[in-house]
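S.K.: Below: one structure in C-alpha cells.
Number of protein chains: 2
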Amino acid sequence: MPRKNHGTASPSPRLETRSCEQCTVRDICLPALLSPEQLAEFSKVVKRTEVLHKGDYLYRVNEPFSDLFAVFTGFFKAFVVDRHGSEQITGFYFTGEIMGLHALAHRSYQYHVVALNTSVACRIPYSEYKRLAAKFPSLYTRLHDIFSHELIRARFSAANLTATQKVATMLYGISRRFQERGYSPFEYLLPMPNTDIANRLRLASETVSRIFTRLAKQKIVTVDDRRVKILDMERLADLSPHNLYLLDHRPMPDNVNNGSMTRHG
Amino acid sequence: MPRKNHGTASPSPRLETRSCEQCTVRDICLPALLSPEQLAEFSKVVKRTEVLHKGDYLYRVNEPFSDLFAVFTGFFKAFVVDRHGSEQITGFYFTGEIMGLHALAHRSYQYHVVALNTSVACRIPYSEYKRLAAKFPSLYTRLHDIFSHELIRARFSAANLTATQKVATMLYGISRRFQERGYSPFEYLLPMPNTDIANRLRLASETVSRIFTRLAKQKIVTVDDRRVKILDMERLADLSPHNLYLLDHRPMPDNVNNGSMTRHG
DNA sequence: ATAACTTATTGACCAGGATCAATGTTTGCC
DNA sequence: GGCAAACATTGATCCTGGTCAATAAGTTAT
C-alpha cells in the first residue's frame with residue numbers, strides 16, 4: 017500500500033553549460049568564497065541538468081556517487097524508503113543548497129532526491145571539485161562550512177520539540193531561507209504539500225493541519241492552500257527554538273579564528 | 017533547578033606529544049588513509065591533552081574554534097544547554113572519533129564537550145591540518161568521509177522510532193563501536209549513566225529503565241548496573257532499524273568511484 | 001560506617017499526538 | 001468540462017511515553 021510513484025522520470029537530462037557568474041545565489045552556494053577569476057574557472061566545470069519536473073528524480077539511493085549538485089532553480093526533497101515501503105523525508109533543498117554530501121563516505125547516494133516542482137540543478141563533478149579545491153583552498157573552506165552547517169541543522173531534527181514548535185520552526189526556517197534569497201519573509205508559497213511537511217517533521221498531516229488552523233486563530237500565521245502569510249514574526253520566532261536552528265547560510269570570511277583557547281571557564 | 021555542574025574542571029591540560037603510529041585506533045581516526053611516512057609527519061602536529069577526569073570540559077559552547085579533537089582514550093559526550101537550563105546530549109564519542117566538526121562554520125564550538133570518565137584527547141590544530149591536507153589530499157578525503165558519516169548518523173536521531181527501537185539501536189550501535197575497536201560486541205560496560213542514554217534518545221529515564229527490564233525478560237539483553245550483555249544479537253538487530261544507522265567508520269579506499277550515472281531507474 | 005547525594009526501578013495517572021473515519025477541496029488528466 | 005486522484009480539514013478515540021511519586025540502591029566524603 018505505501019508505494020509511491022514520483023511520476024515517471026523525464027528523459028535523461030541533457031547537460032548544458034552556463035556560468036555561475038550571474039547566478040543569483042552565487043554567494044550562498046559552493047563557490048561563495050571565490051574571487052571573480054576563480055569563479056570563472058569554477059564555472060567551467062559546472063553543468064546544468066535539463067529541466068526536471070515535479071516528481072522527477074535527480075538521483076536515487078545506491079546510485080554510484082560522482083557528482084555534487086546545487087539547486088539552480090526550484091526545490092528538491094530528499095527521502096529514504098523504510099523497510100515498510102513508506103517514505104521518510106530527510107530534507108528540503110532551496111536554491112544554492114548542496115545535495116549529495118551524504119554520499120561521500122559510501123561513494124553512493126544515500127537518499128532519493130526528487131524535484132518538488134519544475135527545477136534545475138547544477139552538476140559539480142566531485143573529482144573536478146577536488147582538482148580545483150587544491151588550487152583554491154577556499155573551496156575546501158566553504159565545503160567544510162556547509163558540512164558543518166548541515167550537522168548543526170541536523171541537530172534541529174533531533175531536539176525533541178512539541179508539534180507546534182516543529183511546525184513553527186519549519187515556517188520560520190522557510191521564511192528565513194526565502195529572505196536570504198531576496199524574497200519577502202512575510203509571505204511565500206510553500207514549495208511542498210502539507211503532507212511533505214508533516215512527513216519531514218515526523219507528524220501526522222492531520223496534526224499539522226490542526227496546528228495551522230490554531231496558528232491562524234492566534235493571528236500568527238495563515239496558511240491558505242500553500243500560501244503562507246506571517247502576521248506576527250515576533251511570536252512565530254518565539255514559538256520556534258530557532259537558536260537551535262539558525263541557518264544563516266552566508267559564508268564567513270575565510271580566515272581561521274585562532275584566538276587562544278582557555279579551558280575550564 | 018536544572019543547573020548541572022560537571023565537576024570542577026581540572027587545571028589547564030598540559031600538552032604532551034606522542035605519535036599516532038602505534039595508536040590502536042589509527043585506522044578509524046582522521047589520518048586513516050595516510051602512508052607511514054605521511055603519518056609520521058601528521059603525528060608531529062598532534063598534541064595530547066592531559067588526562068581529563070569525569071565531568072572535565074574539553075571545550076565549551078562559544079569558545080573560539082581552533083582545533084579539532086580526536087578521542088585517544090576514554091569517552092566524551094557533547095551537549096547543549098537549552099533556554100530552560102537543561103542539557104540536551106547531542107552525541108557520544110568513542111576512541112578515534114572526531115570532535116569539533118560542528119565548529120567550522122561558526123568558527124566557535126557549538127556544543128559543550130565533557131569527559132565521561134578518565135579520558136585523553138588528541139588536539140589537531142585546524143590550520144596545521146589544512147597545511148598538511150594541501151600536501152596529502154587523502155586527509156581531505158578522510159575528513160569529508162567523516163563529515164558524511166556524521167550526516168548519515170544524524171539521520172538516525174531524526175527518524176521517528178518507538179522508544180524500544182531507540183534503545184535497541186543505541187545498545188546495538190555501541191556494540192558495533194566496541195567491536196570495531198577490537199572489544200567484544202556481546203558484553204561491555206556502558207560508558208555513560210542511564211540518564212545520559214535517556215537524554216540522548218529524548219526519552220524519560222524511567223522509560224529507558226522499563227525497556228531494559230523488558231528486554232531482559234525477553235532474553236535479548238541484560239543491563240545490570242551499566243554492564244550490558246547481549247544474549248540475542250539477532251533479535252537486537254531486528255529491533256534496531258540499523259539500516260538507518262550503519263556506522264562503519266572504517267574508511268574506504270581513496271579513489272573516487274566515477275561510474276556512469278544513469279538517471280530514472 | 002554514616003550521611004548526603006545521585007542514580008535506578010516500579011507504579012499510577014495523564015496528555016500529546018497518532019490513528020481511524022468522514023467529508024470537502026484542489027489538481028491533474030483525458 | 002468532468003472525472004479521478006491527491007490533498008486538506010475536522011471530529012472521536014486510543015495509546016505510547018511523560019510526569020509525579022515513592023522506594024531502593026549505589027556512590028562519595030567525612
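One line per chain: the protein sequences are Y and C, in this order. Under my numbering, the first residue of the first sequence carries the number 17, and numbering increases by one thereafter. Under my numbering, the first residue of the second sequence carries the number 17, and numbering increases by one thereafter. Glycine residues also receive a C-beta, built at the ideal position from the N, C-alpha and C atoms.
Round the Cβ separation of Ala174/Y and Thr223/Y to the nearest angstrom and send it over; I've been treating them as touching at under 8 Å.
M.R.: Counted from its first residue, the first sequence places residue 174/Y at position 158. Counted from its first residue, the first sequence places residue 223/Y at position 207. With 8 Å as the limit, Ala174/Y and Thr223/Y do not qualify as a contact, their Cβ atoms being about 19 Å apart.
S.K.: Which residues, in chain order, does the region 160–171 of chain Y contribute to contact with chain C at a C-beta distance below 8 Å?
M.R.: Answer set for the region 160–171 of chain Y: His160, Asp161, Ile162, Phe163, Ser164, His165, Glu166, Leu167, Ile168, Ala170 and Arg171.
S.K.: Taking a contact to mean a Cβ-Cβ separation below 8 Å, would you say His165/Y touches Ala220/C in this structure?
M.R.: One-based indexing of the first sequence puts residue 165/Y at position 149. One-based indexing of the second sequence puts residue 220/C at position 204. Cβ atoms of His165/Y and Ala220/C: not closer than 8 Å.
S.K.: What does DSSP give as the partner residues of Thr223/C in its beta bridges?
M.R.: Within the second sequence, residue 223/C is the residue found at index 207, counting from 1. Paired residues: none, contrary to the question.
S.K.: When you compare the CB positions of Ser82/Y and Tyr142/Y, do they come within less than 8 Å of one another, or not?
M.R.: Position 66 of the first sequence, counted from the start, is the residue given in the question as residue 82/Y. Position 126 of the first sequence, counted from the start, is the residue given in the question as residue 142/Y. Yes.
S.K.: Helix, strand or coil: which one does DSSP assign to His122/Y?
M.R.: Against the first sequence, residue 122/Y aligns to sequence position 106. Looking at His122/Y - three-state DSSP - the assignment turns out to be coil, as it is neither helix nor strand.
S.K.: So who's on the other strand from Pro201/C, going by DSSP bridges?
M.R.: Residue 201/C sits at position 185 when you count from the first residue of the second sequence. Looking at the DSSP assignment, Pro201/C forms no beta bridge with any residue, so it has no partner.
S.K.: Beta-carbon within less than 7 Å of Ser124/C's beta-carbon, same chain only, minus the 5 sequence neighbours each way: which residues are those?
M.R.: The sequence position of residue 124/C within the second sequence is 108, counting from 1. If we look at Ser124/C and ignore the five residues flanking it on each side, its Cβ neighbours are Asn78, Glu79, Pro80 and Phe81.
S.K.: How far does the beta strand (DSSP E) with Ile246/Y in it reach, from first residue to last?
M.R.: On the first sequence, residue 246/Y is found 230 positions in, with the first residue counted as 1. Run containing Ile246/Y: Arg243 to Ile246, per the beta strand (DSSP E) assignment.
S.K.: Just grab the DSSP bridge partners of Pro80/Y for me.
M.R.: Here residue 80/Y refers to the residue found at position 64 when the first sequence is read from its first residue. In DSSP, Pro80/Y forms a bridge with Ser124/Y.
S.K.: Measure from the C-beta of His128/C to each C-beta in chain Y and report whether the shortest distance is under 8 Å.
M.R.: Stepping through the second sequence from its first residue, residue 128/C is reached at position 112. Chain Y, which has no Cβ nearer than 8 Å to the Cβ of His128/C, makes this no.
S.K.: What are the residues in the region 98–113 of chain C lying within 8 Å of chain Y by C-beta distance?
M.R.: Here the close residues are Asp98, Arg99, Gln104 and Thr106.
S.K.: Report buried or exposed for Tyr7/Y, applying the criterion of at least 16 other Cβ atoms within 10 angstroms of its Cβ.
M.R.: Here chain Y comprises residues numbered 17 to 281, so residue 7/Y is not present and cannot be evaluated.
S.K.: Per DSSP, Thr96/Y is paired with what?
M.R.: Mapped onto the first sequence, residue 96/Y falls at position 80. The question names Thr, but residue 96/Y is Val in the sequence shown. Partner(s): Gln104/Y.
S.K.: Interface residues of chain C around Arg218/Y at Cβ under 9 Å?
M.R.: Mapped onto the first sequence, residue 218/Y falls at position 202. Residues of chain C passing the Cβ test: Ala174, Ala175 and Asn176.
S.K.: Check whether chain Y comes within 8 Å of Pro153/C, counting only Cβ atoms and requiring the distance to be less than that.
M.R.: Reading the second sequence from its first residue, position 137 is the one you call residue 153/C. By this cut-off, Pro153/C is an interface position.
S.K.: Hey, could you find the ends of the beta strand (DSSP E) Ala174/C is sitting in?
M.R.: Walking along the second sequence from the start, residue 174/C turns up at place 158. No beta strand (DSSP E) holds Ala174/C; the alpha helix (DSSP H) holding it covers Ser154 to Ala174.
S.K.: What three-state label does DSSP hand Arg139/Y in the structure shown?
M.R.: Position 123 of the first sequence, counted from the first residue, corresponds to residue 139/Y. Note: Arg139/Y maps to strand in three-state DSSP.
S.K.: Rounded to whole angstroms, what is the Cα-Cα separation between Phe92/Y and Arg197/Y?
M.R.: Position 76 of the first sequence, counted from the first residue, corresponds to residue 92/Y. Position 181 of the first sequence, counted from the first residue, corresponds to residue 197/Y. Answer to the nearest angstrom: the Cα atoms are 16 Å apart.
S.K.: For Tyr156/Y, return the contacting residues in chain C, with the cut-off set at a CB-CB distance below 8 Å.
M.R.: Here residue 156/Y refers to the residue found at position 140 of the first sequence. In chain order: Lys146, Ala149 and Tyr156.
S.K.: Measuring only between beta-carbons, confirm whether Leu84/Y sits less than 8 Å from chain C.
M.R.: As a position in the first sequence, residue 84/Y is number 68, starting the count at 1. Not one chain C Cβ lies under 8 Å of Leu84/Y.
S.K.: Considering only their Cβ atoms, is the gap separating Ile114/C from Ala137/C smaller than 8 Å?
M.R.: As a first step, residue 137/C must be located in the second sequence, where it is residue number 121. As a first step, residue 114/C must be located in the second sequence, where it is residue number 98. No, these two residues do not count as a Cβ contact at 8 Å.
S.K.: Suppose you measure from the CA of Val183/Y to the CA of Arg158/Y; what does that come to, to the nearest Å?
M.R.: Stepping through the first sequence from its first residue, residue 183/Y is reached at position 167. Stepping through the first sequence from its first residue, residue 158/Y is reached at position 142. Near 30 Å, if we compare the C-alpha coordinates of Arg158/Y and Val183/Y.
S.K.: Chain C partners of His15/Y, CB-CB under 7 Å?
M.R.: The structure shown does not extend to residue 15/Y, since chain Y is modelled only from 17 to 281, so the question has no answer here.
S.K.: Cα separation between Leu206/Y and Glu37/Y?
M.R.: Your numbering for residue 206/Y matches position 190 in the first sequence. Your numbering for residue 37/Y matches position 21 in the first sequence. C-alpha separation (whole angstroms): 28 Å.
S.K.: With 16 as the cutoff for other CB atoms within 10 Å, does Glu176/C come out buried or exposed?
M.R.: As a position in the second sequence, residue 176/C is number 160, starting the count at 1. With the sequence shown as reference, residue 176/C is identified as Asn, and Glu is not the correct amino acid for it. Label assigned to Asn176/C: exposed.
S.K.: Report yes if the C-beta distance between Gly116/Y and Leu84/Y is below 8 Å; otherwise report no.
M.R.: In the first sequence, the residue the question calls residue 116/Y occupies position 100. In the first sequence, the residue the question calls residue 84/Y occupies position 68. Their beta carbons are under 8 Å apart, which means Gly116/Y touches Leu84/Y by this criterion.
S.K.: Are any of the Cβ atoms in chain C nearer than 8 Å to that of Ala121/Y?
M.R.: To locate residue 121/Y, count along the first sequence from 1; it is residue 105. So yes, Ala121/Y belongs to the interface.
S.K.: Taking the alpha-carbon positions, what's the Leu217/C to Arg99/C distance?
M.R.: Reading the second sequence from its first residue, position 201 is the one you call residue 217/C. Reading the second sequence from its first residue, position 83 is the one you call residue 99/C. Rounded to the nearest angstrom, the two C-alpha atoms are 19 Å apart.
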